[in-house]
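Numbering (this note's numbering), first residue to last: 1028 to 1205.
No residue lacks a Cβ here, since even glycine has one placed at the ideal position from N, Cα and C.
Predicted model only: the values in this text are computed from it and were never measured.
Working notes, beginning with the structure itself.
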Amino acid sequence: GFHIIQLLERRGVSNLMVQQGRVRHILVVPSEIRTRAETRDLIFEIRDRLIAGEAFEDLAREYSDDPSSALAGGDLGWSASNSFVLEFGTAMDNAEVGVVTEPFRSKDGWHILEVQERRDHDMSEEAMRNMAVRVLHTRRFEEELEIWLGEIRDEAYVEIRLDSARDTPSEDLAAAEG
């Protein structure tokens, strides 16, 4: 037969909706062979070429200094703006979909980005998974800590001396002097 199940309540993490953007970028970094001024001029030249109609992917492959995205045409996939450095996240939040941003600088270098799409993404499952991983790591850490403390206690030499009223340090000192 068939069973019909209705979910009445979800425990733990409730719906955690995060706005994400499918973003691509070009990063240009000053180097030993390219000064800061040359780097700045280059990023503005790249933007002009994009505005003139050259393909973002081609320019990213040719010029981007980001090894993780250059070969993918600058594609960073779906990401939340808070997963990047502040300047990048701010530019991402303020960018219109399908419009190449003005060049901007961060601690990583000069950037141009384009948000291709936006979506609200339910991160509840990922948040629950991350919470479970943290709980397991905490338990494992506590278990390892107890084992380690037990090993230290086993290796420690402790001599317990009970002082009676006659075995005080002042009496020992007086006996040694006398």
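For residue i, three-class secondary structure by DSSP
i: GLU1169; result: helix
i: ARG1061; result: coil
i: ARG1132; result: strand
i: LEU1189; result: coil
i: VAL1162; result: helix
i: ILE1174; result: helix
i: GLY1116; result: helix
i: ILE1031; result: coil
i: SER1110; result: helix
i: LEU1183; result: Checking the sequence shown, residue 1183 turns out to be Ala, not Leu. Three-state DSSP puts ALA1183 in coil, outside helix and strand.
i: ALA1099; result: helix
Beta bridge counterpart(s) of residue i as assigned by DSSP
i: VAL1127; result: GLU1141
i: TRP1105; result: ARG1049
i: MET1044; result: ASP1149
i: VAL1055; result: TRP1137
Inter-residue Cα distance where the pair is residue i and residue j
i: PRO1130; j: VAL1162; result: 42 Å
i: PHE1115; j: HIS1138; result: 8 Å
i: ILE1078; j: ALA1118; result: 18 Å
i: VAL1185; j: ARG1167; result: 29 Å
i: ASP1102; j: VAL1124; result: 15 Å
i: ALA1064; j: PHE1071; result: 11 Å
i: ARG1156; j: VAL1126; result: 35 Å
i: PHE1083; j: GLY1100; result: 7 Å
i: ARG1074; j: HIS1148; result: 30 Å
i: GLY1080; j: THR1165; result: 53 Å
i: ILE1053; j: HIS1030; result: 53 Å
i: ASP1093; j: ASN1121; result: 22 Å
Burial state of residue i, where buried means 16 or more other Cβ atoms lie within 10 Å
i: SER1108; result: buried
i: GLN1046; result: exposed
i: ASP1181; result: exposed
i: ALA1087; result: buried
i: GLU1169; result: exposed
i: ALA1159; result: exposed
i: LEU1140; result: buried
i: GLY1048; result: buried
i: VAL1056; result: exposed
i: ARG1051; result: buried
query = What residue ranges within the stretch 1064–1094 form continuous alpha helix (DSSP H) runs of no fewer than 4 residues, ordered along the chain?
reply = 1083–1090
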